[in-house]
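Numbering (our numbering), first residue to last: 504 to 674.
The following block contains the structure:
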């Protein structure tokens, strides 16, 4: 299916998708961005849409999941940034690294540990860290949902062993 055909199939739902997006975002520009993200994902995975299913419901589900995932990513990044003028010592200790050199070594260790993971474990784990939901990973990698959960769990265990030296700092 090309872009034009896809646009013709989903065009009847544009008004209801916009209304649904406005309920989430309360802002016209953000709603349009959400619709665009939804359409990109829908186009990307359209071959997996089951003919005869509820297309509107499928699009609404993609939109809702996209909004939730974006909200989670945003809230994770906002928890590390203090938006006040005065930074307390507890906030500073929480968000600061000792120096750039140490951060470089830590990232090197993390990347090295990720590189040692088997590809079957690293792909689902990296997608999960990027904010994808289990079922989205399952669809993308064309593997069962239970397999995705197991592989992410196994990747966590291996990474935990490989990065044990940092465990004491976090606790």
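By construction, the Cβ of each residue, glycine as well, lies at the ideal position given by its N, Cα and C atoms.
Element boundaries [alpha helix (DSSP H), containing residue i]
i: residue 664; result: 648 to 665
i: residue 517; result: 517 to 528
i: residue 631; result: 622 to 632
i: residue 509; result: 506 to 513
i: residue 635; result: From DSSP, residue 635 is part of no alpha helix (DSSP H); its letter is neither H nor E.
i: residue 550; result: No alpha helix (DSSP H) holds residue 550; DSSP gives it neither H nor E.
Residues near residue i in its chain [Cβ-Cβ closer than 8 Å; skip 5 each side]
i: residue 526; result: none
i: residue 629; result: 617
i: residue 511; result: none
Buried/exposed call for residue i, threshold 16 Cβ in 10 Å
i: residue 654; result: buried
i: residue 631; result: buried
i: residue 531; result: exposed
i: residue 627; result: buried
i: residue 639; result: buried
Cβ neighbours of residue i in the same chain (closer than 7 Å, five flanking residues each side left out)
i: residue 570; result: 527, 537
i: residue 523; result: 563, 566
i: residue 623; result: 654
C-beta contact flag for residue i and residue j at 7 Å
i: residue 651; j: residue 637; result: yes
i: residue 699; j: residue 516; result: For the chain, the structure presents residues 504 to 674; residue 699 sits outside this window and is missing.
i: residue 658; j: residue 648; result: no
i: residue 616; j: residue 665; result: yes
i: residue 552; j: residue 561; result: yes
i: residue 546; j: residue 509; result: yes
Residues of its chain near residue i, where Cβ-Cβ distance is below 6 Å and the 5 sequence neighbours each way are ignored
i: residue 572; result: 634
i: residue 541; result: 565, 566, 569
i: residue 505; result: none
i: residue 513; result: none
Contact test: residue i Cβ vs the ligand MG heavy atom, cutoff 6 Å
i: residue 530; result: As for the ligand MG, it is missing from this structure, which has no ligand bound.
Any chain D beta carbon closer than 7 Å to residue i
i: residue 633; result: Of the protein chains in the structure, only one exists, and it is not chain D.
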